[in-house]
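Below is one structure, written out as structure tokens; the observations come after it.
Residue numbers (the numbering used here): 60 to 315.
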């Protein structure tokens, strides 16, 4: 292993570089010299030959206000808060309460989409479903299982197959007249193909932001994890349609 020839009990005996230039020279020699072990970067490049390449944004455009306008509005709010005697008194007496509803609403308007994108990167969703591409989520999905909505779907939480045995309630905010397609897929632990995935649900031509009001193209397939396969990813993806799609030519044969 690297540095296995160094006696950690007597670090004073280790040769000193005595200059930054000499250190850089030795570092370049060590980097270019052959070794039986691999660095973490080399492992990444071996598993993903396209690691580090620029990816294509396939998401919806974002109609965010200009940063200069947001900055002016925030400065205006800060200026008004400094003039507020009630706010100063509540802060001084430690009676001021932060309205968490407003904090959450502000977070959803500004940082929510980018936090979800980071979570999707962490769980390898873009890498496995959209190779060399990415998108920033623009529509928030509200997904809940059970008649009493006891099992909520978040970004990476665990649900049991029993909790997800029946199709969930899926809602989202949508513009009037817009149409959407909802996909539920699982890229993990395919029983026959190592690179395959299972289609668990597909609903198209969804109007008004309620998945149950769309056309069900593939019936809901509950999770069926094989014993010993561990946790598996189940991914909901929402696509925006530019027009109504005629699915009659693609209807599955339900007589099987």
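Glycine included, each C-beta is placed from N, C-alpha and C at the ideal position.
Because the structure is a prediction, the values reported are computed rather than measured.
Proximity to residue i [Cα-Cα], best of the options
i	options	result
residue 76	85, 270, 204, 70	85
residue 189	244, 211, 163	244
residue 260	253, 267, 282	282
residue 218	291, 65, 66, 112	291
residue 183	294, 65, 138, 304	294
residue 235	196, 265, 172	265
residue 159	232, 167, 95	167
residue 274	246, 242, 288	242
residue 288	153, 197, 250, 308	250
residue 125	149, 169, 150, 142	169
residue 258	279, 272, 162	279
residue 232	80, 198, 163, 252	198
residue 176	162, 104, 196	196
residue 206	222, 216, 214	222
Cβ pair residue i, residue j closer than 8 Å
i	j	result
residue 204	residue 227	yes
residue 240	residue 255	no
residue 25	residue 192	The question about residue 25 has no answer here: the residues shown for the chain are numbered 60 through 315.
residue 238	residue 307	no
residue 155	residue 144	no
residue 246	residue 187	yes
Contacting residues, own chain, Cβ-Cβ under 7 Å from residue i (five flanking each side not counted)
i	result
residue 315	In this prediction, residue 315 scores a pLDDT of 46, lower than 50, which makes its location untrustworthy; the coordinate-derived value is nonetheless stated afterwards. Within the same chain, residue 315 has no close Cβ partners at all.
residue 194	116, 117, 118
residue 73	65
residue 230	201, 268, 269
residue 224	281
residue 272	265, 266
Cβ distance (whole Å) where residue i is taken to contact residue j below 8 Å
i	j	result
residue 277	residue 248	No, residue 277 and residue 248 are not in contact; Cβ-Cβ is about 19 Å, not under 8 Å.
Cβ shell of residue i (< 6 Å), same chain only, five flanking positions each side left out
i	result
residue 96	none
Contacts around residue i, its chain only, beta-carbon distance under 8 Å, and the 5 residues preceding and following it disregarded
i	result
residue 105	97
- Item | 3 or more residues per run - each beta strand (DSSP E) lying fully within the region 157-229 | 201-204
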